[in-house]
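Below: one structure, written as structure tokens.
Numbering (our numbering), first residue to last: 61 to 273.
Here it is, written out as structure tokens:
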């Protein structure tokens, strides 16, 4: 049986929100994308006030990628990783991955962020699997429509189980780890024997809090 070390991405592996960083990166490449700022603010407002659920808000926010060819996006996200994403990792997160990998754990990253840029995290040699929110691709073009469900909460467990079934992997969850900054990941926390909250300010009765830098 395999043992997993599961990591959330935003504010667990990274010090910043990757979706916002991706938009800022795109804005530097094409200043005309500034026209999407009002739309992004509306998406955030609607999400905060529960007018949009998280998936819908994400689709609305990501309008700036609609219509980009998949091959062009592959080049963009490669540059995004090199210039931005790789610069915002918590050192403690990477060190923990290395330690657990050396002990025989498989390292899985499971995030609600968009998989089309998160897949660049395979550049971290310790990472075995990246699971994120999938967006539709039609005729080789990126669409801002989520394929399936937003990869958050219970859906993270659903996606993980799908992957394990597809790859015929049996897991020793009792001896597996989960790291996240948010209790939105409680379904994954409840799955493993070693759950850890990262930089969580309020403290928790049953989940140990780790302070990563």
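Beta carbons: idealized from backbone N, C-alpha and C, even for Gly.
{"query": "Does DSSP classify residue 172 as helix, strand or coil?", "result": "strand"}
{"query": "What did DSSP end up calling residue 138 once you bin it into helix, strand or coil?", "result": "helix"}
{"query": "Less than 7 angstroms between C-beta atoms, sequence neighbours within five positions excluded: which residues of the same chain meet that for residue 179?", "result": "190"}
{"query": "Look at the alpha carbon of residue 150 and the alpha carbon of residue 272, and state the distance between them as a whole number of angstroms.", "result": "7 angstroms"}
{"query": "Residue ranges of each alpha helix (DSSP H) run of no fewer than 4 residues wholly in the stretch 152 to 233, ordered along the chain?", "result": "175 to 178 and 214 to 226"}
{"query": "Among 72, 211 and 137, which residue has its Cα nearest to the Cα of residue 84?", "result": "137"}
{"query": "Alpha carbon to alpha carbon, what distance is there between residue 141 and residue 89?", "result": "14 angstroms"}
{"query": "Looking only at its chain, what residues have a beta carbon closer than 6 angstroms to the beta carbon of residue 81, apart from the 5 residues adjacent to it on each side?", "result": "144"}
{"query": "Please name the residue in 63, 124, 67 and 73 whose C-alpha comes closest to that of residue 169.", "result": "67"}
{"query": "Once the 5 residues before and after residue 197 are set aside, which same chain residues still bring their CB inside 6 angstroms of it?", "result": "130"}
{"query": "Excluding the 5 residues flanking residue 270 on each side, which residues of the same chain have their C-beta closer than 8 angstroms to its C-beta?", "result": "152, 239, 256, 257, 258 and 259"}
{"query": "Write down every uninterrupted run of the alpha helix (DSSP H) in the stretch 68 to 97 whose length is 4 residues or greater and which is fully enclosed by it, in chain order.", "result": "78 to 89"}
{"query": "Considering just the uninterrupted stretch of the beta strand (DSSP E) at residue 268, what are its terminal residues?", "result": "268 to 270"}
{"query": "Leaving out five residues on either side along the sequence, give the residues of the same chain with a beta carbon under 7 angstroms from the beta carbon of residue 139.", "result": "none"}
{"query": "Quick check on residue 113: does DSSP put it in helix, strand or coil?", "result": "coil"}
{"query": "Does the stretch 204 to 211 come close enough to the stretch 232 to 246 that 3 or more CB-CB pairs lie under 8 angstroms?", "result": "no"}
{"query": "Hey, how far is the Cα of residue 177 from the Cα of residue 192?", "result": "9 angstroms"}
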